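Chains as they are written, first to last, in our numbering: chain A, 1 to 269; chain B, 270 to 584. Just so you know, even glycine gets a beta-carbon here, dropped at the ideal spot from N, CA and C. Predicted model only: the values in this text are computed from it and were never measured. Reviewing the structure listed below.
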Amino acid sequence: MNEAELVEMARKCRVDIVEMIHKAGAGHPGGSLSAIDLIVGLYGTGFRFKTEEPNWKDRDRFIMSKGHASPAVYSILHNLGVLSKNDIDGFRTLGSVCQGHVDMKWTNGVDFSAGSLGMGLSFGLGCALAARMDKSERRIWVMIGDGETQEGQIWEAAMAADFHKVGNLNVIIDRNRIQNDDFMEVQMEIGDIGKKFNSFGWKVIEINGHNMKEITDAIEEANIEQNQPCAIVAHTIKGKGVSFMENNPGFHGKAPNDEELRVALEELS
Amino acid sequence: MSAPSSGGASRDGYGSALLKLSKDPRVVVLEADLGKSTKSCLFRAEHPERTISLGIAEQNMMLVSAGLASSGKIPFASTFAIFTERAFEQVRNGIARPGLVVHICGSHGGIHTGTDGSSAQSIEDLAIYRTIPNLTVMHPCDDLSAEELTLQLLDHEKPSYTRTARNKVPRIYNYDSVKGIKIGKGNIIQEGNDVAIIACGVMVNEAVIAAEKLMEDGVNACVVDMHTIKPLDGELISRLIEQCGCFVTVEDHSIIGGLGGGIAEYLSTNKPTPLEIVGVNDRFGESGNTEELMVHLNINSDSIVDAAKRAIKRK
Numbered sequence: 001m002n003e004a005e006l007v008e009m010a011r012k013c014r015v016d017i018v019e020m021i022h023k024a025g026a027g028h029p030g031g032s033l034s035a036i037d038l039i040v041g042l043y044g045t046g047f048r049f050k051t052e053e054p055n056w057k058d059r060d061r062f063i064m065s066k067g068h069a070s071p072a073v074y075s076i077l078h079n080l081g082v083l084s085k086n087d088i089d090g091f092r093t094l095g096s097v098c099q100g101h102v103d104m105k106w107t108n109g110v111d112f113s114a115g116s117l118g119m120g121l122s123f124g125l126g127c128a129l130a131a132r133m134d135k136s137e138r139r140i141w142v143m144i145g146d147g148e149t150q151e152g153q154i155w156e157a158a159m160a161a162d163f164h165k166v167g168n169l170n171v172i173i174d175r176n177r178i179q180n181d182d183f184m185e186v187q188m189e190i191g192d193i194g195k196k197f198n199s200f201g202w203k204v205i206e207i208n209g210h211n212m213k214e215i216t217d218a219i220e221e222a223n224i225e226q227n228q229p230c231a232i233v234a235h236t237i238k239g240k241g242v243s244f245m246e247n248n249p250g251f252h253g254k255a256p257n258d259e260e261l262r263v264a265l266e267e268l269s
Numbered sequence: 270m271s272a273p274s275s276g277g278a279s280r281d282g283y284g285s286a287l288l289k290l291s292k293d294p295r296v297v298v299l300e301a302d303l304g305k306s307t308k309s310c311l312f313r314a315e316h317p318e319r320t321i322s323l324g325i326a327e328q329n330m331m332l333v334s335a336g337l338a339s340s341g342k343i344p345f346a347s348t349f350a351i352f353t354e355r356a357f358e359q360v361r362n363g364i365a366r367p368g369l370v371v372h373i374c375g376s377h378g379g380i381h382t383g384t385d386g387s388s389a390q391s392i393e394d395l396a397i398y399r400t401i402p403n404l405t406v407m408h409p410c411d412d413l414s415a416e417e418l419t420l421q422l423l424d425h426e427k428p429s430y431t432r433t434a435r436n437k438v439p440r441i442y443n444y445d446s447v448k449g450i451k452i453g454k455g456n457i458i459q460e461g462n463d464v465a466i467i468a469c470g471v472m473v474n475e476a477v478i479a480a481e482k483l484m485e486d487g488v489n490a491c492v493v494d495m496h497t498i499k500p501l502d503g504e505l506i507s508r509l510i511e512q513c514g515c516f517v518t519v520e521d522h523s524i525i526g527g528l529g530g531g532i533a534e535y536l537s538t539n540k541p542t543p544l545e546i547v548g549v550n551d552r553f554g555e556s557g558n559t560e561e562l563m564v565h566l567n568i569n570s571d572s573i574v575d576a577a578k579r580a581i582k583r584k
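In structure tokens:
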């Protein structure tokens, strides 16, 4: 897919995200909308994945550690043809394959059971070590939130990934500067995340997380790296694409009402 | 039964099992700086390429294990029992919830850890892990049974937690009898009809000694090695309700929620039967040598004899 096609796919995903959350009456629009350009960019840049065989052993892995942004994952899987409209319409309802937080046990194409922050990077490290033992070329991509880096386990994993020199492990940090309760600068500002990962031995690339060209370039650059893990610090805007959700802590975990949905869809049309 | 021979600690059995399991290339071993203690070092010495050191970082170790399992490996991760508890939520959310087959071993469980003191004496691990759906929970009594049960994990399709102990205890099994044990099935060490003494881990030996003392008083106790705490062998317990009519459970663990708790749940929801629970009485341990501590905390053979007599009176 070219850049324009990826941008268009991200727009469609945004529509799915707000509709899914509105229909469920619950969910996390802010972090889904900040992450979606990155996810579309990843799947659109040589990510090895078979839509007809989502559990193909040698697929690349996408580990969504910030599992509350599940609508972003479901929307891309829907747009790739893995999940049906009916599937995503069932988001958060009893028996649905689209659970509140992404769960590998419930959803084809989901590689990790998330929901408790801080665990995905360690899981990705395990996948990366297994790939190396198997002499497989599969690459492991983990997405974490910036607030999530407050979890100590992230830094346990960062330290271990450097020690084990896993060049097939990459992390994308959705740097939207807002967490559940408020702005990070109020709750617990982490500072220069790139510098911190770099001091843990990681290659670091900083990008605008809503510029598709910068996203795909960074992913390609990370994919070339074989000797050290790579962190892409993606500067994003929480709620990106819906004016009243943008940079608004109030829409971290709140569904739009009917009127808000109408405005959102108008803006995304 | 034959006189107990001196054997190794259950942690030694875990280590020797890992070595035998190494024939399967899917088996990988994870360590958190305690491989020399848990005995995974035996595997490391032979297979460094399949041994992953995670440093003193147990939470990370659990999820690295999960990632490996999701990629077709069979991970065996070990540290002290108490430090697995630090990663309880990782075990719950990262391993058991998605049903990833990771085998966790917590060594140095119980007050048998001795002089290290209460910070290292895990007396709640069996209780907390028993609450997690899909997780098999075991506590073998000697080195031979620990080895056998660990070997059986290769074909076990669920994640597991196995508690091993630091200290050597007399062997309950020999090389022949150990072949008869099976994950999920309690094993009768000694038959009897007056009281059923259900024990796990290092306390099986104390139960055997207690049974000998009870015999002197004319009491025939049935002694069971309940090495698998979950799933509990309800079939055997039901049989013993009829056969003995009262129970004593024995564990180097809190009296709350462990083996005693599990059997109390089973009895009360099936056929209420007198039960006495021998274990650490809702308190923390402390430093001391093992024999002193077992007396101090009332979890030795004399405590079992007293409990058996109380249980029989309540029939």
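As DSSP reads the structure, lysine 499 (chain B) sits in a beta bridge with B:Val406. Put simply, the stretch 171–185 of chain A does not touch the stretch 125–134 of chain A. Fewer than three CB pairs are less than 8 Å apart. A residue is called buried when at least 16 other Cβ atoms come within 10 angstroms of its Cβ; histidine 408 (chain B) meets this threshold and is buried. Residue pairing by DSSP puts serine 376 (chain B) in a beta bridge opposite B:Phe349. Ranked by Cα distance from proline 54 (chain A), the options A:Asn208, A:Gly67, A:Leu77 are led by A:Leu77. Remark: C-beta atoms of alanine 365 (chain B) and proline 428 (chain B) approach each other more closely than 8 Å.
Excluding residues up to 5 positions away in sequence, Leu420 lie with their Cβ nearer than 7 Å to the Cβ of lysine 289 (chain B) in the same chain. For histidine 496 (chain B), the number of other beta carbons within 10 angstroms of its own is at least 16, and it is reported as buried. For the stretch 344–372 of chain B, the set of positions with a beta-carbon nearer than 7 Å to some beta-carbon of chain A reads Glu358, Gln359, Asn362, Gly363, Arg366, Pro367, Gly368 in chain order. Judged by DSSP secondary structure, glycine 30 (chain A) falls within the alpha helix (DSSP H) whose first and last residues are 29–43.
Flagged as an interface residue toward chain A: lysine 342 (chain B), by a C-beta distance shorter than 8 Å. For glutamine 150 (chain A), the CB contacts under 7 Å within the same chain, skipping 5 residues up- and downstream, are Met188, Ile190 in chain order. One finds Phe123, Gly126 in chain A with Cβ atoms closer than 7 Å to the Cβ of alanine 335 (chain B), taken in chain order. Excluding its 5 nearest sequence neighbours in each direction, arginine 579 (chain B) has C-beta neighbours in its own chain below 8 Å: Glu545, listed in chain order. Annotated three-state conformation of isoleucine 215 (chain A) is helix, per DSSP. Pairwise C-beta distances place the stretch 389–401 of chain B in contact with the stretch 513–524 of chain B, as three or more of them are shorter than 8 Å. Straight across, the Cα-Cα distance linking asparagine 208 (chain A) with threonine 236 (chain A) is about 7 Å. Contact of methionine 184 (chain A) with chain B is not assigned, every C-beta pair being separated by 8 Å or more. Neighbours of serine 116 (chain A) across chain B, judged by C-beta separation under 9 Å: Glu358, Gln359, Arg361, Asn362, Gly363. Comparing C-alpha distances from aspartate 174 (chain A) to each of A:His210, A:Lys203, A:Lys195, A:Trp202 shows the shortest one belongs to A:His210. Proximity of the stretch 100–120 of chain A to the stretch 66–80 of chain A meets the contact definition, three or more beta-carbon pairs being nearer than 8 Å. Look at isoleucine 467 (chain B): its C-beta is not under 8 Å from any C-beta on chain A.
With respect to the 8 Å criterion, valine 333 (chain B) and serine 116 (chain A) are not classified as neighbours on the basis of their beta carbons.
Methionine 104 (chain A) reaches chain B at Ser339, Pro367, counting residues in chain order whose Cβ is nearer than 8 Å. Under a 10 Å Cβ-count criterion, phenylalanine 244 (chain A) is classified as exposed, with fewer than 16 other Cβ atoms of the shown protein chains found around its own Cβ. In terms of beta-carbon proximity, glutamate 260 (chain A) stays away from the interface with chain B, with every pair separated by 8 Å or more. Judged by beta-carbon spacing, glycine 124 (chain A) lies within the 8 Å limit of isoleucine 63 (chain A), meaning their Cβ atoms are closer than that value. Under the Cβ distance rule, glutamate 246 (chain A) does not count among the residues neighbouring chain B, no pair being separated by less than 8 Å.
In its chain, beyond the 5 residues on either side, Asn170, Lys203, Ala222 have a beta carbon closer than 6 Å to the beta carbon of cysteine 230 (chain A).
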